[in-house]
Amino acid sequence: MIFNIEEVTVYFPYPYIYKEQRDYMVELKRSLDAKQHCMLEMPTGTGKTITLLSLITSYQLAHPEVPKLIYCTRTVPEMEKALEELRDLIKYRESVLGPAGGKVLALGLSSRRNMCIH
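So the sequence shown is numbered by the working numbering: it starts at 1 and just counts up by one.
Laid out in structure tokens, this is it:
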């Protein structure tokens, strides 16, 4: 699904967006425009991760001067879920924009305790 929030074209990889997700994006965009911090809350299971990733990466396309996004999670499964959502978003953007749409650098970091086989 492709739609606009003010002057930003948002690439959202699902065919439907909930009102709460769109409201979340609007508030997040206002915070980015103001170059301020933002704290938003949504209930469990409402698509916070894909909503945030869709808006931020779309905002970065529209504003290349915007620096990187650092996305932190509490657990490894949460990190894996966020990276999976990002993979799906990149695939969607590539299907719409071609190979240039998939240019996103992402890195998942965890502690050595979670990565080391010894």
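Glycine is no exception: its CB is placed at the ideal position from the N, C-alpha and C atoms. The structure displayed is predicted, hence computed values, not measured ones.
### Message
Rounded to the nearest angstrom, what separates Leu105 and Thr46 at their Cα positions?
### Response
Indexing the sequence shown from 1 puts residue 105 at position 105. Indexing the sequence shown from 1 puts residue 46 at position 46. Roughly 25 Å between the two C-alpha positions.
### Query
Of the residues Gln21, His37 and Val10, which one's Cα is nearest the Cα of Gln60?
Position 60 of the sequence shown, counted from the start, is the residue given in the question as residue 60. Closest by alpha carbon: Val10.
### Query
For Thr9, which of helix, strand or coil comes out of DSSP?
In the sequence shown, counting from the first residue as 1, residue 9 sits at position 9. In this structure, Thr9 counts as strand in the three-state DSSP scheme.
#### Entry: Ile56 beta carbon less than 8 Å from that of Cys13
Here the question's residue 13 lines up with position 13 in the sequence shown. Here the question's residue 56 lines up with position 56 in the sequence shown. The amino acid occupying residue 13 in the given sequence is Pro; Cys does not appear at that position. Result no, Cβ atoms of Pro13 and Ile56 do not sit closer than 8 Å.
### Query
Nearest CA to the CA of Pro43: which residue from Ser95, Ala100 and Tyr24?
The residue you call residue 43 lines up with position 43 of the sequence shown. Closest by alpha carbon: Tyr24.
### Query
So, is Gln21 buried or exposed, given that buried needs 16 or more other C-beta atoms within 10 angstroms?
Residue mapping note: residue 21 aligns to position 21 of the sequence shown, counting from 1. Burial call: buried.
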